[in-house]
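Colleague:
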Amino acid sequence: MKKIIVAVAALALMAGSAYAAEWNFYGSARVSTFWSDTDADGVELDEFDDYLEDVQFTEELQSNARIGANVKVSDELTGRFEYGASGGVANVRLLYGEWDFGAGKLLVGKDYVPMYLTGSNQVVGNDAALSGWGEVDGSRRAQIKMTFGDFQVAFVENNTDYYGAAFGDTTDAFVDVVIPMIQLQYALTFDNFVITMAGGYQTFDVDDGIADDDVTSWGLGLDVAATFGAFSFTAQVNGGTNVGNIYNIEVSDLVVGSGYAAVVGNEVIDNDAMGGRIAVAYTINEMLGVEVGYGYQQTEFDVSDSQEDEVQSYYIQLPITLAPGVHIVPEVGVVDYMDNAAGNDENEVTYFGAKWQINF
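All you need for this note's numbering is the position in the sequence shown, starting with 1, plus 1160.
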């Protein structure tokens, strides 16, 4: 009987806490419809060449379609969760709690990292926003983050991938990790513009019986965003070494274009990176706007016979707002993988279509 009373009391306490908290649910349904035309430069596939160069249509639920809630327990204690639809299966995009202790804030869970400097609104590729093609996108990772006004410092879960000797795939085998990834961000806010600086650092050892050396990754990003009436502008430069461990890189349609270091024999070959992007938008009226953007990214292995592996992407879009929360974004653009590390031409994809979105 005592156990039953204790259980009922515990349930009552839990229910009381749940009712005391404020739950504000939200959602965003997103579907993309795009045609793409791939020019397979430098690829000899004989009878498949015509197929690759045909226009292909794709309609899909975007992986960043979402449903979630902002939770307020008190003025000091808040939280958030958000589920996405990656691969058509629910996945955790965000899940964190945050405590405001007066002098700053402590966040524990999965959230956007300090090395997340977005500004482009490119919609192709599940709202790619030039991620991997010139924009710093560290995405969402488990972390312990401290915020003091405009300054953030976070201890982030590690990414220990590297290329093996074959350069055809990544691995995280034979890795020793001693410290977490460290990321910082500082923002300077003025009347019409914001300057944001961010950096990340990570190191781990690879000991596979042949190589016994460390892989050190670091990255820096500088972003400027400005608004002047109906015009808005954003620009960014970034760079570092082995930055694929810190933020997304996609300079090739092959695995080797992901910005990681390579471990060959007893040697670690670093992979240097540099990139940037620019986007300009104009709001014509409450219903219609226009945005153009361009991004460029390159990587190069630190060996004498390596060449730059490059990618560029550019687009123009006309965002349409039919009603509050109801959006259609037609877009035309190009993703050009240019030359790879061997100096060979890679695919160029021209696309056109739209994103359809209803927020609720």
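All C-beta atoms, glycine included, are put in the ideal place defined by N, C-alpha and C.
1. For residue 1376, which residues from the same chain have a beta carbon less than 6 Å from its beta carbon, with the 5 sequence-adjacent residues on both sides left out?
2. Hey, out of 1264, 1227 and 1234, whose CA is closest to residue 1250's CA?
3. Can you find the residues in the same chain that come closer than 8 Å, C-beta to C-beta, to residue 1180, ignoring five residues on each side of it along the sequence?
4. Could you compute how far the alpha carbon of residue 1443 sits from the alpha carbon of residue 1476?
5. Under 8 Å: do the region 1328 to 1339 and the region 1425 to 1441 share three or more Cβ pairs, one atom per stretch?
6. Tell me whether residue 1212 sits in a helix, a strand or coil according to DSSP, three-state version.
7. Taking 8 Å as the cut-off, does the region 1464 to 1484 touch the region 1288 to 1297 (at least 3 CB pairs, one atom from each stretch)?
8. Enumerate, from N- to C-terminal direction, the unbroken beta strand (DSSP E) stretches of 3 or more residues contained entirely within the region 1374 to 1457.
9. Can you check which of these residues, 1486, 1393, 1261 and 1321, is closest to residue 1516 by C-alpha distance?
10. Compare the C-alpha of residue 1383 against each of 1404, 1279, 1371 and 1191 and name the closest.
11. Indicate whether the contact test is met: 3 or more Cβ pairs, each with one atom in the region 1447 to 1458 and one in the region 1345 to 1362, closer than 8 Å.
12. Judging by CA-CA distance, which residue of 1245, 1494, 1276 and 1395 is the nearest neighbour of residue 1298?
13. According to DSSP, is residue 1285 helix, strand or coil?
14. Beta-carbon separation of residue 1199 and residue 1508 under 8 Å?
15. What distance in whole Å lies between the Cβ atoms of residue 1255 and residue 1244, which are believed to be in contact at a cut-off of 8 Å?
16. Is DSSP giving residue 1360 helix, strand or coil here?
17. So what's residue 1189 in DSSP terms, helix, strand or just coil?
18. I need the boundaries of the beta strand (DSSP E) containing residue 1315, first residue and last residue.
19. Classify residue 1498 as buried or exposed, calling it buried when 16 or more other Cβ atoms lie within 10 Å of its own Cβ.
20. Looking at the unbroken beta strand (DSSP E) that takes in residue 1237, where does it start and where does it end?
21. In three-state DSSP terms, what is residue 1505?
22. If I measure Cβ to Cβ from residue 1301 and keep anything under 7 Å in the same chain, skipping five residues before and after, which residues do I get?
23. Answer yes or no: does any C-beta atom of chain B fall closer than 8 Å to that of residue 1386?
24. Suppose contacts are defined by Cβ-Cβ distances below 8 Å. Is residue 1379 in contact with residue 1403 by that definition?
25. How big is the Cα-Cα spacing for residue 1218 and residue 1495?
26. Between the C-alpha atoms of residue 1370 and residue 1263, what's the straight-line distance to the nearest angstrom?
27. Around the C-beta of residue 1502, are 16 or more other C-beta atoms found within 10 angstroms, so that it is buried, or is it exposed?
28. Do residue 1231 and residue 1240 have their beta-carbon atoms positioned less than 8 Å apart in this structure?
29. Rounded to whole angstroms, what's the CA-CA distance from residue 1424 to residue 1462? Just pull it up for me.
30. Assign residue 1247 to one of three DSSP states: helix, strand, or coil.
31. When you compare each of 1372, 1345 and 1222 to residue 1143 by their alpha carbons, which one comes out closest?
32. Pick from 1466, 1447, 1389 and 1491: whose alpha carbon is nearest that of residue 1483?
33. Report the rounded CA-to-CA distance for residue 1394 versus residue 1386, giving the unit in angstroms.
34. Helix, strand or coil: how does DSSP classify residue 1180 here?
35. Counting C-beta neighbours from all protein chains within 10 Å, is the total for residue 1281 16 or more, i.e. buried, or is it exposed?
36. So residue 1192 and residue 1513 are in contact, right, with Cβ under 8 Å, and what is the actual spacing, rounded?
Modeller: From the atom records:
1. For residue 1376, same chain residues with a beta-carbon under 6 Å away, outside a window of 5 residues either side, are 1363 in chain order.
2. Looking at the Cα atoms, 1227 is the closest of the given residues.
3. Excluding sequence positions up to five before and after residue 1180, its CB lies within less than 8 Å of the CB of 1233, all in the same chain and listed in chain order.
4. Distance between the alpha carbons of residue 1443 and residue 1476: 14 Å.
5. The answer is no - the region 1425 to 1441 does not touch the region 1328 to 1339, with fewer than three Cβ pairs under 8 Å.
6. Bear in mind that the predicted position of residue 1212 carries a pLDDT of just 49, short of 50, making it too unreliable to give a figure here.
7. Taking 8 Å as the limit for Cβ pairs, the verdict is that the region 1464 to 1484 does touch the region 1288 to 1297.
8. Fully enclosed beta strand (DSSP E) runs of 3 or longer: 1391 to 1401, 1422 to 1424, 1427 to 1429 and 1431 to 1443.
9. Checking every option, the nearest Cα to that of residue 1516 belongs to 1486.
10. When C-alpha distances from residue 1383 are compared across 1404, 1279, 1371 and 1191, the shortest belongs to 1279.
11. The answer is no - the region 1345 to 1362 does not touch the region 1447 to 1458, with fewer than three Cβ pairs under 8 Å.
12. Out of 1245, 1494, 1276 and 1395, the CA that lies nearest to the CA of residue 1298 is found in 1276.
13. Reduced to three states, the DSSP call for residue 1285 is helix.
14. Yes. Within cutoff.
15. In fact, because the Cβ distance is near 11 Å, the residues do not count as touching under 8 Å.
16. For residue 1360, the three-state secondary structure derived from DSSP is strand.
17. DSSP places residue 1189 within a strand segment (E or B) once states are collapsed to three.
18. Boundaries of the beta strand (DSSP E) harbouring residue 1315: 1311 to 1316, taken from the DSSP string.
19. Within a 10 Å sphere around the beta-carbon of residue 1498 sit 16 or more other beta-carbons, which makes this residue buried.
20. Counting along the chain, the beta strand (DSSP E) containing residue 1237 begins and ends at 1237 to 1244.
21. Of the three classes helix, strand and coil, the one that applies to residue 1505 here is strand, per DSSP.
22. Excluding residues within five positions, the ones whose Cβ falls inside 7 Å are 1270, 1273, 1316 and 1317.
23. The structure shown contains no chain B, having only a single protein chain.
24. Cβ distance < 8 Å, so residue 1379 and residue 1403 count as in contact.
25. In a straight line, the C-alpha of residue 1218 is about 16 Å away from that of residue 1495.
26. Linking residue 1370 to residue 1263 through their CA atoms gives a straight-line distance of about 49 Å.
27. Result: exposed.
28. It is a contact, given that the beta carbons lie within the stated cut-off.
29. One C-alpha to the other measures close to 12 Å.
30. If DSSP states are grouped into helix, strand and coil, residue 1247 belongs with the helices.
31. Since the first and last residues shown for the chain are 1161 and 1520, residue 1143 lies out of range.
32. Considering only alpha carbons, the answer is 1447.
33. Near 6 Å, if we compare the C-alpha coordinates of residue 1386 and residue 1394.
34. When secondary structure is reduced to three states using DSSP, residue 1180 falls in the helix class.
35. Classification for residue 1281: buried.
36. In this structure residue 1192 is in contact with residue 1513, their Cβ atoms being roughly 7 Å apart against a cut-off of 8 Å.
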